[in-house]
Amino acid sequence: MLDSSAFGRLRNLRSLNVHDLRCAPVDLFFLKDLAELRICNCRLAISKRTLHALFGRSKSLQLLHLKDCCNLCELPDNISGLYKLYELKLDGSSVKTLPASTKHQRHLKTLSLENCRKLRSLTELPPFVTELNAMNCRSLRTVSTITTCAMIMAKRKFISFKNCVALDEPSLHCIMEGAQLATKGTASENMSVKGVEDNTEINCNFVKVCFPGSRVPGQFKYRTTDSSITIDLLSSQSDLVGLSLCVVLSHSRVMKNLGAKIWCLCYLANGTMLGPATTWYDEAVTELNSDHVFIWYDPSHFDSFLKICDHRYPRVWGLPNI
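Start counting the sequence shown at 1; every next residue gets the next number (full-length UniProt numbering).
This is how it looks when you write it as C-alpha cells:
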C-alpha cells in the first residue's frame with residue numbers, strides 16, 4: 001500500500017491507479033506530468049472542489065477514470081483546460097449533467113457514464129466522441145444531440161443508451177436520427193475510400209447503436225417479424241452504398257436473465273453461405289428493462305454483398321438470429 005506522503009516523491013509519475021482512497025493527498029495535485037489517472041470507489045475523497053484543484057495543475061492528463069465515486073455530483077468547468085484528454089469515464093458517479101465547457105474537449109474520443117443513476121441530461125457533446133456509453137442511466141431524460149459524434153469518422157463507433165428508460169420522445173428521435181447519420185455517413189465514406197484505393201485497413205469503420213424502443217426505424221426498407229428475410233439487391237444496385245441491420249429485442253424475464261446474442265448469417269438463393277456471420281456484439285445482450293432497438297453496420301459483411309453484385313447473382317437472403 002502506498003502512503004499518501006509518498007506522492008510528493010513521485011513528481012515524474014505518468015500513470016496512477018487508486019482504489020478506496022479516504023482523502024485526497026495534497027501532493028496529488030503536484031503531479032504535473034501525470035497522463036493517466038484511475039480513481040475507483042473513493043466515496044468521500046473526490047469532489048468538485050478536489051477536481052478543480054487537480055485540473056488546474058495536471059494539464060497533461062490524457063485518460064481520466066473516476067469510477068464509483070458516489071460523492072462526485074458535478075465536474076468543474078475547468079475540465080476544458082485538459083486539452084489532451086481523450087478518455088473520460090465517470091461510471092457509477094452521481095453527476096447530474098456535464099459542464100457546458102466539455103463541448104470544447106476536442107481530443108475526447110471516449111465518454112463513459114455507465115450506471116450514473118442521477119444523470120438527467122446530456123446537452124452539447126464534445127465534437128469528436130466516437131464511443132458514448134450511457135448504459136443504465138435510469139434518470140436520463142434529455143439528449144440534445146448526438147449528430148456531431150455520429151458524423152465523425154472512426155475505426156469504431158459505439159453509442160449505447162441501454163436501459164435509459166426515462167428518455168423523452170424528442171431525445172429518442174434525436175438518437176434514431178444520429179444512428180441513421182452514423183450508418184449512412186460511414187457507409188458512404190467506406191465506399192469513397194474503397195473507390196479510390198482498395199485499402200481494407202482503412203475500410204473498416206464499424207457502427208453500433210442501442211436505445212430503448214419497440215419499433216424498427218423508418219429508414220429500414222426491408223422488414224420482417226420472422227427469422228429470415230429475402231433482399232433483392234440488384235433492384236437498387238446503382239445507388240447501393242451499404243447495408244445496416246436492425247433488431248428489436250422484447251423485454252422478458254428470460255431475456256433479462258439469460259440474454260440473447262444477436263447475429264446474422266447470409267446465404268445466396270442456392271443455399272451457399274455468404275461470408276462469416278455479423279454480430280451486434282461478441283457477448284449476449286442481458287438485463288434489458290424494456291424493449292430495445294439495436295442497429296449496426298459491418299463493412300466487411302457488406303463487402304461480401306458487393307462481390308455478389310459484381311457477379312450478378314439475382315438474390316441473396318439473410319437469417320438474423322437471436
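Cβ coordinates follow ideal geometry from the N, Cα and C atoms, glycine included.
Of the candidates GLY242, PRO276 and ASN163, the residue whose Cα lies closest to the Cα of HIS251 is ASN163. The DSSP assignment places complete beta strand (DSSP E) segments of no fewer than 3 residues inside the stretch 70-99 at 87-89, in order along the chain. Taken in chain order, the complete beta strand (DSSP E) segments of 3 residues or longer contained in the stretch 268-311 are 292-297.
Around the beta carbon of LEU140, 16 or more other beta carbons lie within 10 angstroms, which makes this residue buried. Secondary structure note for ARG49: its alpha helix (DSSP H) is the uninterrupted segment 48-57. Contact fails between the stretch 177-193 and the stretch 262-272, because fewer than three Cβ pairs, one in each stretch, are under 8 Å apart. Around the beta carbon of HIS292, 16 or more other beta carbons lie within 10 angstroms, which makes this residue buried. The C-alpha of LEU181 is placed about 13 Å away from the C-alpha of PHE206. Around the C-beta of HIS65, 16 or more other C-beta atoms lie within 10 Å, and the residue is accordingly described as buried.
The C-beta distance from VAL143 to SER171 rounds to 4 Å, short enough to meet the 8 Å contact threshold. DSSP, read as helix, strand or coil, puts PRO212 in strand. Annotation: the continuous beta strand (DSSP E) that includes LYS157 extends over 156-160. With respect to SER93, ASN133 sits apart: the two C-beta atoms are not nearer than 8 Å. Cα atoms of GLU114 and CYS137: separation of roughly 7 Å, rounded to the nearest angstrom. The beta carbons of ALA277 and TRP296 sit about 12 Å from each other, so the pair does not count as a contact at 8 Å. Only residues of its own chain outside the window of five on either side were considered, and among them SER60, LEU61, GLN62 and HIS107 have a CB closer than 7 Å to the CB of LYS84, listed in chain order. Cβ atoms of CYS40 and LYS67 come within 8 Å of each other, at about 5 Å. When beta bridges are read from the DSSP output, SER244 appears opposite TYR297.
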